[in-house]
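In our numbering, the protein residues as written are 12 to 102.
Idealized CB from N, CA, C, for every residue including glycine.
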Amino acid sequence: MKQFEATVHGRVQGVSFRYYTKQEARRLGVTGWVANQRDGSVLVVAQGAEGALNGLIDFLKRGPSMAHVDQLGISWVEPVKSFAKFNIRYL
């Protein structure tokens, strides 16, 4: 099991980015969460097999059709706890 934390910048709020990220993560079998940040970015914490996580990263690079991703920052971290499923969080 691997884990990453990602920050997505661009036009990523108000375009269903969290919803589609959740759908893609669940399709890939990835657990974790996604949340809007006050600065207009989206934060993603994801766990799973490396191949599935790379698939989610590919999605985050482009987002849903209404989004425009300007920058994606990825940090690979050691999993501290495991998540049961992938959810939208409200911070």
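Delimiting residues of the beta strand (DSSP E) encompassing R22: K13 to R22
Taking buried to mean at least 16 other C-beta atoms within 10 Å of its own C-beta, is R29 buried or exposed? Counting other Cβ atoms within 10 Å of its Cβ, R29 reaches 16 or more and is therefore classed as buried.
Opposing strand residues paired with N98 [DSSP bridges]: W44
Neighbourhood of Y31 by C-beta distance below 6 Å, restricted to the same chain and skipping five residues each side: P75
Is G66 helix, strand or coil by DSSP? For G66, the three-state secondary structure derived from DSSP is helix.
Between W87 and K13, which are expected to be in contact by the criterion C-beta below 8 Å, what is the C-beta distance as a whole number of angstroms? Right, their Cβ atoms sit about 7 Å apart.
Between the Cα of S52 and the Cα atoms of N65, P90, V91 and V80, which residue gives the shortest distance? When only C-alpha atoms are compared, the closest one is V80.
Own chain partners of Q82 with C-beta closer than 6 Å, once the 5 adjacent residues on each side are dropped: H20
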